[in-house]
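Position 58 of the sequence shown, counting from 1, maps to 58 under full-length UniProt numbering, and the rest follow consecutively.
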Amino acid sequence: MANSLRRRANTLKEKVTKSLSLWSEVFALLRYSDPRLSVIVVIATGAEIGLMLGALFAVKAVIQVMAETESISAITGQIFAYASAIMSLFLAGRVVQSVANYHRVAQGYIVADYVNQSLQDRAVKADLSFYDSALYFDSLERARQAGAQRPAMVISNVLSVFRGGLMLIALVVVLGSIEWRLLPICFVAVVLVLLVQLRFTRLKFERQKELVQQERQAGYADWLMTTEPHAKEIRLWDLSNYLRGIFQRIRVMLRREYLIIERRKAIAESSVAVVGTLLFVGAGGFLLYQVNTGQADISDLVIIILLLQRSEIAGRDFTGSLSRLYDDQLFLNQLFKFMEIEPKIESKVYSAPLPTTLNEGIQVENVTFRYPGTDRPALDGASLQIRPNTFTALIGGNGSGKTTLIKLLCRLYDPQEGRITYEGTDIRELDPVAYRRHLGVIFQDFVQFAYSGRENLRISDLTQEDEERMLKAAKLTGAHEVLSSLPNGYDTILSRIFDGGHELSGGQWQKVALARAVYPHSKFIILDEPTSAIDPNAEAEIFEGFRDKMEGRGALVISHRLSTIRQADFTYVLEKGRITEAGSHVHLINNQAGYAKMFEKQGRGFRT
Numbered sequence: 001m002a003n004s005l006r007r008r009a010n011t012l013k014e015k016v017t018k019s020l021s022l023w024s025e026v027f028a029l030l031r032y033s034d035p036r037l038s039v040i041v042v043i044a045t046g047a048e049i050g051l052m053l054g055a056l057f058a059v060k061a062v063i064q065v066m067a068e069t070e071s072i073s074a075i076t077g078q079i080f081a082y083a084s085a086i087m088s089l090f091l092a093g094r095v096v097q098s099v100a101n102y103h104r105v106a107q108g109y110i111v112a113d114y115v116n117q118s119l120q121d122r123a124v125k126a127d128l129s130f131y132d133s134a135l136y137f138d139s140l141e142r143a144r145q146a147g148a149q150r151p152a153m154v155i156s157n158v159l160s161v162f163r164g165g166l167m168l169i170a171l172v173v174v175l176g177s178i179e180w181r182l183l184p185i186c187f188v189a190v191v192l193v194l195l196v197q198l199r200f201t202r203l204k205f206e207r208q209k210e211l212v213q214q215e216r217q218a219g220y221a222d223w224l225m226t227t228e229p230h231a232k233e234i235r236l237w238d239l240s241n242y243l244r245g246i247f248q249r250i251r252v253m254l255r256r257e258y259l260i261i262e263r264r265k266a267i268a269e270s271s272v273a274v275v276g277t278l279l280f281v282g283a284g285g286f287l288l289y290q291v292n293t294g295q296a297d298i299s300d301l302v303i304i305i306l307l308l309q310r311s312e313i314a315g316r317d318f319t320g321s322l323s324r325l326y327d328d329q330l331f332l333n334q335l336f337k338f339m340e341i342e343p344k345i346e347s348k349v350y351s352a353p354l355p356t357t358l359n360e361g362i363q364v365e366n367v368t369f370r371y372p373g374t375d376r377p378a379l380d381g382a383s384l385q386i387r388p389n390t391f392t393a394l395i396g397g398n399g400s401g402k403t404t405l406i407k408l409l410c411r412l413y414d415p416q417e418g419r420i421t422y423e424g425t426d427i428r429e430l431d432p433v434a435y436r437r438h439l440g441v442i443f444q445d446f447v448q449f450a451y452s453g454r455e456n457l458r459i460s461d462l463t464q465e466d467e468e469r470m471l472k473a474a475k476l477t478g479a480h481e482v483l484s485s486l487p488n489g490y491d492t493i494l495s496r497i498f499d500g501g502h503e504l505s506g507g508q509w510q511k512v513a514l515a516r517a518v519y520p521h522s523k524f525i526i527l528d529e530p531t532s533a534i535d536p537n538a539e540a541e542i543f544e545g546f547r548d549k550m551e552g553r554g555a556l557v558i559s560h561r562l563s564t565i566r567q568a569d570f571t572y573v574l575e576k577g578r579i580t581e582a583g584s585h586v587h588l589i590n591n592q593a594g595y596a597k598m599f600e601k602q603g604r605g606f607r608t
């Protein structure tokens, strides 16, 4: 029994500690707003409360004067003065409230920008392996749910809780000074509403957390129907009804689940409202008894009724804001968890210096790599070398591990076994950002930025702004003919999603991507299927004099077109994650193994 109680106590302590820590993080968001705004909000809130109480006491004074006089006409001027004062106080209160609301919103926007920037920064810094897990997408979805307008809502709710709390305290103090026996009624009414709000906020959050995958599935179906990359297939295969059915089926299920909670919440809130109403009716009867027995006058009755009414409104606002802040806390917990993700691939405090001269280049030594959650290695003891000023080729079938090898060479992943060295230094000892600047890379699934042609070329190396080099890279790869023929030349937006934009074909995009890889002052060029969408004549132009175009750089080219590969100084054959052959074109042909058979099969098509 003692151990059980001790465990429960420890569990409760951990929950309280965790909750307090999270609340401190929530309130710490305020420090990212402008301190001047916080001061203005505090002053305006205090003024708003003071004006509201002043108006209530002015009403009490009017009623007291009217109750004590025998002729209303004799005090008409006094009543008018009081009425004017009351209206002025109410008007000033509304103006001050508007000022406070404006500054609360301003604070929310500032913090929202900060949090969204932090969310983007964390997402970019996350290791590429994080994207290989459904856990990432669930975590990011929850963080997005928390991170879009949630930070602004947090600040607004924090300040609303502050305002509502001060308002409630002021009303309670004034009410207690007049008739303290009514305070338990206010306390019970507020606590009941708060308990209901917090309970159902928690229930809804837990349900949303459980249904996040279904939310993503519905979002995916909607994304397929509403985005350009899938428009052709959606229409070609008439998938709209199918996808709409998936979307609606999930949304109906989600709506049903959430409405169950909302229905239970409505019943609980109605029950609490009935209890609160009975309590206030009882308070009203008690006050009438006080007046009838001479223990209070009519002005006391009016001011207490007004205080109770304002307390009920302030209590409802306070509990509503606190409930929303609790909801914010639950969602921001997901955001803070996402923000805690620490990349494993990052710059060390003391990174090894990058070499200034190159002899050995990049060496892959017995590298084995498995993607998270898989048993079969994508690379299994692979070894190869990319020398400076050397055209190295890599061929292999689909799924052989070619693209995985490029990701490892760029240190987007780290191998589980073996190592990759740069002039003899393990690349894990180098600053990853500085090391990647030594590589000009085009991936098979390269990004088509909806920016201008000029920006699409420069985006691979924003540290330089060399117009002459950019034009040279474009001319070497055939991108110059593509971009210069557009309506606004290099300044044309390469997408129709913006006004004045122009869409490129797959082959034209590939030339732009090639220029993007050539543009940086890199030491090596890595090209993954760089000409798969380009016709053979254009490919021949690109690779004609390729060594001269390399400008002394080493090159690793992955291609299925052996007409390109045969120009390589050295070729590796990758099968099922293993290097099975290596050598020059002549050597590999004479070897009469996989490479020779592949070359023979491609050549057979031209001879028939």
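We put the CB at the ideal spot given by N, CA and C, even for glycine.
Please read these numbers as outputs of a predicted model, since none were measured by experiment.
Buried or exposed by the 16-neighbour rule on C-beta atoms within 10 Å, applied to residue i
i	result
glutamine 592	exposed
aspartate 238	exposed
serine 584	exposed
asparagine 456	buried
arginine 181	exposed
threonine 226	exposed
leucine 588	buried
methionine 87	exposed
glutamate 468	exposed
threonine 404	buried
Per DSSP, the bridge partner or partners of residue i
i	result
glutamate 581	Val573
phenylalanine 391	Ala555
serine 485	DSSP output for serine 485 lists no bridge partner at all.
leucine 430	Ala352
valine 367	Ala382
leucine 527	Ile442 and Val557
arginine 419	Glu365
threonine 425	Tyr422
isoleucine 493	Ser452
Contacting residues, own chain, Cβ-Cβ under 6 Å from residue i (five flanking each side not counted)
i	result
valine 272	Leu192, Val193 and Val196
alanine 582	Tyr572
residue 613	No statement about residue 613 is possible, as the shown extent of the chain runs from 1 to 608 and does not include it.
asparagine 389	Gly552
glutamate 429	Ala352
leucine 483	Gly453 and Tyr490
glutamate 365	Ser383, Gly418 and Arg419
8 Å Cβ shell around residue i - same chain, five flanking residues per side excluded
i	result
leucine 224	His230, Ile234, Leu239 and Leu243
glutamate 575	Gly396, Gly397, Ser400 and Gly594
lysine 601	none
arginine 370	Arg376, Pro377, Ala378 and Gln416
Pair within 8 Å by beta-carbon distance, residue i and residue j
i	j	result
alanine 555	isoleucine 497	no
methionine 550	isoleucine 526	no
isoleucine 406	arginine 516	no
threonine 463	valine 518	no
proline 415	leucine 409	no
leucine 514	histidine 502	no
isoleucine 579	alanine 393	no
arginine 207	glutamate 257	yes
alanine 434	leucine 354	yes
lysine 265	phenylalanine 200	yes
isoleucine 362	tyrosine 422	yes
isoleucine 49	alanine 189	no
arginine 436	aspartate 426	no
aspartate 499	lysine 402	no
Cut-off 7 Å between Cβ atoms - residues of its own chain near residue i, not counting five sequence neighbours on either side
i	result
arginine 547	Phe391
leucine 471	His480
glycine 165	Phe318
alanine 148	Confidence at alanine 148 is low in this model, with a pLDDT of 48, below 50, so its placement is unreliable and no value can be given for it.
phenylalanine 90	Ala55
arginine 607	Because arginine 607 sits at a pLDDT of 49, beneath the cut-off of 50, its placement in the model cannot be relied upon, and the following sentence gives the value as read from the coordinates. Same-chain partners within the cutoff: there are none.
aspartate 222	Phe247
isoleucine 386	Gly361, Ile362, Thr392, Phe524, Gly554 and Leu556
glutamate 269	Val196
Residue-level contact to chain B via CB, residue i, 8 Å cutoff
i	result
glutamate 360	Structure shown: chain B not included; a single protein chain is present.
For residue j and residue i, believed in contact at Cβ under 8 Å, the rounded distance
i	j	result
glycine 440	glutamate 360	Not confirmed; about 19 Å, so no contact.
serine 321	valine 161	5 Å
leucine 358	lysine 523	6 Å
glutamate 494	glutamine 448	Checking the sequence shown, residue 494 turns out to be leucine, not glutamate. Sure, about 7 Å apart at Cβ, within 8 Å.
proline 520	aspartate 431	Contact flag wrong, Cβ pair sits at about 16 Å.
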